[in-house]
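See structure below.
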Amino acid sequence: MSSQSAALVEGVAQALMWAINDLSGRSSWHAPACNGHGASPSLQCKRPRGRTETTQAAAVFDSSEIPPIGIDKYLMRLSATFRCSDATFIAALVVVDRLLEYDTGRLPLTMKNVHRLFFASLVAAVKYHEDEVYSNGHYAKAGGVHLREVNRLERVLLVALDFDLRVTPEQYRLYEASLLGVCKSSSKDMPLCLAAPGCPKKQPMSVAVTPASTASTEASSDMGQSDAPAGPGGDISASSTPVRR
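Just so you know, we're using UniProt numbering here: the sequence shown kicks off at 1 and counts up by one.
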């Protein structure tokens, strides 16, 4: 993994943690989708999401307990095992952002749902943006999620977003520049500002981050489902062949 790729993954992990831990960080990260003032076309309101729909989504993405693996190491593992482009990894963060702020229904981001929510967003983003994709069985092993859960998470995510996975070039550049602008020396004191209108722009800069262990060396991790397999440990490359579309 290149230093730029590692920096992007680290930036995504920090953005997710800010959204969980700091209300000011959450408000500066998630741009209001329906403010009517220059919002990206892909974030324009399409239909109201009801309380029932939001509650169902929250129940699906919640793990039974907080996963033992940190979100930073988990994202490093997904980046290594999904074998997707940096652009698709950023697109997955856009999907998370969109789900949390999609019109009037807010889905809170917590330590119990952040792993599964980003995992489902990355699966959807890979299938939307990449030419070569693996089977859901490959992604299930990589993410430590039962295959049945992968299918369900993906379905609920797409329905909640009204199947809108588009990312405009302008939106992508804002996210990329902000993620690459994360500096380790100031990350603890400064909330990440992505697509929110009026946020100060940061100059992109590469941050050298040492990649965490990949799936072949990482301990197994259950994503909180009682019927899930024993996590993503082990080498999955031998039985996984991408399908070119």
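Quick reminder that beta carbons are idealized off the backbone N, C-alpha and C, glycines included.
These figures come from a predicted structure and were not determined experimentally.
- In the DSSP assignment, Pro169 falls within the unbroken alpha helix (DSSP H) covering 169 to 180.
- The three-state reading of DSSP puts Val145 in coil, since its state is none of H, G, I, E or B.
- No residue range can be given for Leu107, since it is assigned to no alpha helix (DSSP H) and is classified by DSSP as neither H nor E.
- Here Leu117 carries a helix assignment [DSSP, helix/strand/coil].
- The C-beta of Phe89 has 16 or more other C-beta atoms within 10 Å across all chains shown, which makes the residue buried.
- Assignment of Leu161 by DSSP, reduced to helix, strand and coil, places it in the coil class.
- 8 Å or more divides the Cβ of Pro67 from the Cβ of His146.
- About 5 Å separates the beta carbon of Ala13 from that of Ile71, a gap short enough to meet the 8 Å contact definition.
- Around the beta carbon of Phe118, 16 or more other beta carbons lie within 10 angstroms, which makes this residue buried.
- The Cβ-Cβ distance between Val133 and Leu75 does not fall below 8 Å.
- Between Ala140 and the set Gly11, Arg77, Ser64, the nearest pair of CA atoms involves Arg77.
- Taking a C-beta distance under 8 Å as the contact criterion, Ser63 and Asn113 qualify as a contact pair.
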